[in-house]
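Undergrad: Protein chains in written order, with the working numbering: chain P, 234 to 852; chain Z, 304 to 398.
(1) Would residue 496 of chain P pass as a contact of residue 439 of chain P if the rule is Cβ separation under 8 Å?
(2) Give me the chain P residues within the contact set of residue 363 of chain Z, using Cβ-Cβ distance strictly less than 7 Å, ordered along the chain.
(3) Just to confirm, are residue 228 of chain P and residue 681 of chain P a CB contact at a threshold of 8 Å?
(4) Output the distance between the C-alpha atoms of residue 241 of chain P and residue 650 of chain P, rounded to the nearest integer angstrom.
(5) Buried or exposed: which applies to residue 480 of chain P, given that a residue is buried once 16 or more other Cβ atoms fall within 10 Å of its Cβ?
(6) List the DSSP bridge partners of residue 380 of chain Z.
(7) Check each candidate in P:696, P:423, P:435, P:421 and name the one with the smallest Cα separation from residue 399 of chain P.
(8) If we ignore side chains and look at the alpha-carbon of each, how far apart do residue 482 of chain P and residue 267 of chain P end up?
(9) Count the C-beta pairs between the region 552-566 of chain P and the region 581-597 of chain P that are closer than 8 Å, then say yes if the count reaches three, no if not.
(10) Keeping to the same chain, check which residues put their C-beta closer than 6 Å to that of residue 679 of chain P; ignore five residues upstream and five downstream.
(11) Report the three-state DSSP secondary structure of residue 335 of chain P (helix, strand or coil).
(12) Going by Cα to Cα distance, which pick from P:383, P:367, P:700 is closest to residue 323 of chain P?
(13) Along chain P, which residues have their Cβ under 7 Å away from the Cβ of residue 357 of chain Z?
(14) Sorted by chain position, which residues of the same chain lie with C-beta nearer than 7 Å to residue 719 of chain P's C-beta, five sequence neighbours on each side aside?
(15) Who does residue 480 of chain P pair with in a DSSP beta bridge?
(16) Give the range of the alpha helix (DSSP H) segment to which residue 272 of chain P is assigned.
(17) Can you tell which of P:431, P:415, P:403, P:490 has its C-alpha closest to the C-alpha of residue 381 of chain P?
(18) So if I threshold CB-CB distances at 7 Å, which residues from the region 447-460 of chain P count as touching chain Z?
(19) Taking Cβ-Cβ distances below 9 Å as the criterion, which residues of the region 418-441 of chain P are in contact with chain Z?
(20) Where does residue 719 of chain P sit, in a helix, a strand or coil, going by DSSP?
(21) Which residues share a DSSP beta bridge with residue 371 of chain Z?
(22) Have a look at P:254, P:635, P:465 and flag the residue whose alpha-carbon is nearest the alpha-carbon of residue 500 of chain P.
(23) State the start and end residues of the unbroken beta strand (DSSP E) segment that holds residue 384 of chain P.
(24) Run through the region 602-627 of chain P for me and flag every whole beta strand (DSSP E) of 3 or more residues, listed as ranges in chain order.
(25) By Cβ distance below 8 Å, which residues in the same chain neighbour residue 300 of chain P in space, the five residues on each side in sequence not counted?
(26) Counting contacts by CB-CB distance shorter than 8 Å, is residue 848 of chain P in contact with chain Z?
(27) Can you tell me which of Z:348, Z:358, Z:343 puts its alpha carbon nearest to the alpha carbon of residue 406 of chain Z?
(28) Strictly below 9 Å CB to CB, what residues from chain P border residue 354 of chain Z?
(29) Do you know whose CA, among P:630, P:826, P:821, lies nearest residue 834 of chain P's CA?
(30) Could you tell me which of P:433, P:759, P:318 sits nearest to residue 379 of chain P, measuring between CA atoms?
(31) If you count every other CB in all the chains shown that lies within 10 Å of the CB of residue 442 of chain P, and 16 or more means buried, which is it?
(32) Could you check the C-alpha separation between residue 655 of chain P and residue 574 of chain P for me, to the nearest Å?
(33) Beta-carbon separation of residue 764 of chain P and residue 803 of chain P under 8 Å?
(34) Out of curiosity, what's the CA-to-CA distance linking residue 286 of chain P and residue 729 of chain P?
(35) Are the beta-carbon atoms belonging to residue 740 of chain P and residue 690 of chain P less than 8 Å from one another?
(36) Judging by CA-CA distance, which residue of P:642, P:652, P:608 is the nearest neighbour of residue 580 of chain P?
Shown next as structure tokens:
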């Protein structure tokens with residue numbers, strides 16, 4: 234006799250001999266409060282389970298896709314790039330990039346989803362996908378929000394058939410697939426059977442997907458909490474919007490086969506789709522190129538850069554200069570290194586941007602007394618000041634020869650990534666400069682780098698505490714304990730009067746555990762302090778853009794690490810409060826004395842100033 | 304007989320509807336499956352498993368984790384049985 238448990242608890246953790254299934258619907262933590270696993274942990278589990286391919290399909294974005302693709306490579310897993318796109322009626326379709334053209338369309342569609350709707354409610358009309366579906370594989374969506382399942386639930390079978398037919402006409406039979414899911418939710422079986430019937434009627438392909446929201450079952454609690462936080466409610470208040478069980482994890486392959494035993498073709502077809510998506514690899518086929526510098530049509534970049542620098546060298550290091558010979562040697566050395574790394578165009582575009590900053594500074598300062606103060610528009614800082622090319626192009630105001638600055642940190646033969654040139658500007662100049670860059674290169678070619686604020690223990694305690702409906706005053710007491718302490722929130726509670734006996738109660742115990750689990754996961758999209766990406770090819774075909782919280786600011790969906798991985802050239806326009814203060818001081822001095830001081834004539838070697846700095850007598 | 308609709312509500316008259324009843328569920332190597340009462344009486348032989356689903360909820364209070372089966376019994380009766388995954392016990396409810 235076999236106990237009935239055998240019917241329910243299927244075997245797990247075993248790898249099938251040859252992978253029978255690829256996961257084409259998977260959310261990571263970059264679905265922002267709708268996925269409880271970071272991409273690398275999903276991949277580690279997929280590798281353990283023997284998955285051959287997995288598609289990352291986060292909500293309205295590809296925020297984690299490049300990191301996902303790079304992390305998948307050494308594991309031998311095919312990373313498929315995709316997204317779950319929210320339509321105007323709130324339903325959802327899954328878009329997978331089959332080809333480079335499909336990826337470009339995916340980026341354009343995601344950009345339209347964000348820029349064409351309210352910032353916090355991204356939406357896309359179905360007609361937009363119809364207009365740009367080339368190279369995309371489109372899946373009908375999840376049980377709860379998918380375009381077809383939702384229609385089936387609200388309008389019935391006949392309306393679903395009609396809509397599926399419409400999708401077939403719009404996208405073609407080879408590009409539109411009916412998705413079925415078995416997450417052991419009551420009604421799944423009936424829904425999937427109805428969808429299979431619709432697909433059979435219309436001769437559409439059927440795909441089994443897992444609608445994965447976390448990589449291991451035990452993370453379902455964290456996902457429940459995230460859903461409550463996202464809807465600004467409690468766990469008790471989110472009963473209808475949470476998933477009803479813990480079955481939205483990355484399943485062992487034999488379990489998937491067993492769940493879809495009545496429709497094996499739906500499982501096998503996932504491998505065929507993954508095979509088709511091999512035509513696009515995000516780590517290989519991005520096709521980013523830096524924009525041309527002004528005058529690129531007249532001379533090749535290395536020639537133009539050398540010419541410009543040599544002309545400036547004669548001004549900065551005239552024949553009588555003691556540093557001239559050294560400067561000439563250093564310039565030739567740098568130009569060789571720059572040519573070796575094919576960075577001539579990069580320096581020239583920086584030069585163009587600094588010229589643009591000069592124009593902006595003139596406009597911003599016009600009418601004020603500091604306009605005649607010979608103030609630079611901004612300043613280079615960090616390792617770039619050791620470069621004579623930067624000095625000659627005006628990107629730095631420090632003479633690297635006279636100051637004996639070491640070049641190797643900025644530029645060397647083994648340089649792995651593009652050198653970082655940080656430019657500081659007074660606040661008002663930076664604000665205007667950013668807008669002017671959009672105008673110069675075109676809105677579709679420019680975007681600010683984004684960042685992903687992550688949960689820290691304190692914010693985690695506050696938000697999870699609210700989801701657990703714990704008293705606000707008590708949450709605040711515990712949140713303060715959590716500040717800066719990486720481990721042992723429960724232990725810390727021992728020292729808080731009245732809390733020692735609570736840490737083992739279900740609610741407080743859950744709080745302690747979940748606060749540690751959520752720590753480090755991205756919470757939302759924010760803006761990098763000053764990084765901008767400029768692209769020759771429209772940036773919206775390389776990475777989706779969306780509105781930042783700050784008005785008129787557009788950010789791309791990748792943070793600085795992904796932008797580095799993509800070999801994008803990030804230009805840092807940083808606001809430096811001290812430069813704004815200097816501008817203000819010059820204005821005040823000019824008002825009092827009638828003329829602004831000429832800052833370019835300040836002697837950096839003034840012993841009296843050095844003595845004051847040595848004495849710590851600085852602001 | 305239906306109670307008077309204007310009768311005052313009394314909490315002592317509230318009762319649970321469709322309260323789960325403890326049962327035993329056994330599957331034989333032949334593939335046959337039966338549902339029985341704890342005292343040994345048979346509820347019925349299972350003709351077909353119509354659907355199975357799972358519920359995980361209330362983990363922050365008193366965890367509920369159940370695996371449900373909707374069964375068609377011999378003779379045409381439909382029942383829902385579930386196993387409490389925390390204790391292993393089986394219960395039966397009307398669908």
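Quick reminder that beta carbons are idealized off the backbone N, C-alpha and C, glycines included.
TA: On the basis of the supplied data:
(1) yes
(2) 468, 701, 739, 740, 743
(3) Since the first and last residues shown for chain P are 234 and 852, residue 228 of chain P lies out of range.
(4) Any reading at residue 241 of chain P must be qualified, since the residue scores a pLDDT of 45, below 50, and its modelled position is unreliable; no value is offered.
(5) buried
(6) Paired residue(s): none; residue 380 of chain Z is not in a bridge.
(7) P:435
(8) 13 Å
(9) no
(10) 670, 671, 767
(11) helix
(12) P:383
(13) 417, 478, 480
(14) Annotation note: pLDDT 48 at residue 719 of chain P (below 50); position unreliable, no value reported.
(15) According to DSSP, which records beta bridges pairwise, residue 480 of chain P is partnered with nothing at all.
(16) 272-282
(17) P:431
(18) 453, 454
(19) 418, 419, 420, 421, 422, 423
(20) Interpretation of residue 719 of chain P is limited by its pLDDT of 48, a score under 50 that renders its predicted location unreliable; the figure taken from the coordinates is listed afterwards. In the structure shown, residue 719 of chain P sits in coil (DSSP, three-state: anything other than H, G, I, E or B).
(21) Z:356, Z:385
(22) P:254
(23) From DSSP, residue 384 of chain P is part of no beta strand (DSSP E) but of the alpha helix (DSSP H) over 380-388.
(24) 612-614
(25) 272, 273, 794, 795, 798
(26) no
(27) Residue 406 of chain Z lies beyond the residue range present for chain Z, which begins at 304 and ends at 398; the question has no answer from this structure.
(28) 419, 420, 421, 422, 423
(29) P:630
(30) P:318
(31) buried
(32) 19 Å
(33) yes
(34) 49 Å
(35) no
(36) P:652
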